[in-house]
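Please read the structure below before turning to the comments.
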Amino acid sequence: DAKTTQPPSMDCAEGRAANLPCNHSTISGNEYVYWYRQIHSQGPQYIIHGLKNNETNEMASLIITEDRKSSTLILPHATLRDTAVYYCIVRVRTSTGNQFYFGTGTSLTVIP
Amino acid sequence: DAGVIQSPRHEVTEMGQEVTLRCKPISGHDYLFWYRQTMMRGLELLIYFNNNVPIDDSGMPEDRFSAKMPNASFSTLKIQPSEPRDSAVYFCASSTDRVKLFFGSGTQLSVL
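Now the structure itself:
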């Protein structure tokens, strides 16, 4: 149970902003939202994470709604190298701690 | 830093054979994770270690799977005997904080 819902696929024109949505309506008050991406034939790569404030780093921005039930990952100027599967992750509690469980993600295709 | 190193990159074996996958984490990382990725089930956490000690192996599918971490710089995932349904890409990842995981390039396993 990945606890997140993402659209299966999206397209974005090269140079434009890519906005990837994620619903996490069952998120609890102290759970972070994490984003990873996986470029074809590579291992997943960390992008960003946040709790309730918007976050920005050199790769992307993360916008979290005030009720924390959804978030949007923004790639401000998408390039062809940003074509990948993007995973929105909320930790799942297990008997031995909180673990990442990756869902099916959003397959983003950046079009020239 | 060379990143997380996995070997072999590809493994083709016959049903019933023993398979050993290897991982060298990033130096200084005290968490190590093994994930399996298939089209049907996506990325699944199999087991993770902290300071060489297995913490959560609830994702290990059955007794045919075993993982060890004899020291801070080496881990193995063994499948004995292997079955065709074990065919997948197996990823190793390491981390200092369980937030930002660094993944290797994976081992593509095919069991015929």
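Heads up: the sequence lines are chains A and B, in that order. Heads up, the first sequence stops at 119 in this note's numbering, and the numbers go up one at a time, no gaps. Heads up, the second sequence stops at 105 in this note's numbering, and the numbers go up one at a time, no gaps. Even glycine gets a Cβ: it sits at the ideal position worked out from N, Cα and C. Please read all numbers here as calculations on a predicted model, not as lab measurements.
Chain B contacts made by the stretch 32 to 65 of chain A, where a contact means CB separation under 9 Å: TYR39, TYR41, TYR43, GLN45, SER48, GLN49, GLY50, PRO51, GLN52, TYR53 and HIS56
Check each residue of the stretch 64 to 89 of chain B: if its Cβ is closer than 8 Å to any Cβ of chain A, include it; give the result in chain order. PHE84 and ALA86
Would you mind sorting SER68 of chain B into buried or exposed? The rule is 16 or more other CB atoms within 10 Å of its CB. Here residue 68 of chain B refers to the residue found at position 75 when the second sequence is read from its first residue. SER68 of chain B is buried by the Cβ-count criterion.
Under 8 Å by Cβ, that's how I've got ARG91 of chain B and TYR24 of chain B pegged, so tell me the actual separation to the nearest angstrom. On the second sequence, position 98 is the one that residue 91 of chain B refers to. On the second sequence, position 31 is the one that residue 24 of chain B refers to. So it is a contact: roughly 6 Å between Cβ atoms.
Can you check whether the CB of VAL46 of chain B is closer than 8 Å to the CB of SER75 of chain B? The residue you call residue 75 of chain B lines up with position 82 of the second sequence. The residue you call residue 46 of chain B lines up with position 53 of the second sequence. No, these two residues do not count as a Cβ contact at 8 Å.
Apart from the five residues just before and just after PRO77 of chain B, which ones in its own chain have a Cβ nearer than 8 Å to its Cβ? Along the second sequence, one-based indexing puts residue 77 of chain B at 84. MET8, VAL104 and LEU105.
Proximal chain B residues relative to THR111 of chain A, where beta-carbon distance stays under 8 Å: As a position in the first sequence, residue 111 of chain A is number 104, starting the count at 1. Result: GLY35.
Endpoints, the beta strand (DSSP E) within which PHE107 of chain A is located: Along the first sequence, one-based indexing puts residue 107 of chain A at 100. It is not in any beta strand (DSSP E) - PHE107 of chain A carries neither H nor E in the DSSP assignment.
Pop quiz: THR100 of chain B and ARG34 of chain B are said to be a contact at Cβ under 8 Å. What is the actual Cβ separation, rounded to whole angstroms? Within the second sequence, numbered from 1, the residue matching residue 100 of chain B stands at position 107. Within the second sequence, numbered from 1, the residue matching residue 34 of chain B stands at position 41. Not quite, the Cβ-Cβ distance comes to about 17 Å (not below 8 Å), so this is no contact.
Neighbour-count burial assignment, THR113 of chain A, 16 or more Cβ in a 10 Å radius: Stepping through the first sequence from its first residue, residue 113 of chain A is reached at position 106. Counting Cβ neighbours within 10 Å, THR113 of chain A comes out buried, since at least 16 surround it.
Use the C-beta contact count for ASP89 of chain A: other C-beta atoms within 10 angstroms, 16 or more gives buried, fewer gives exposed. Here the question's residue 89 of chain A lines up with position 82 in the first sequence. ASP89 of chain A is buried by the Cβ-count criterion.
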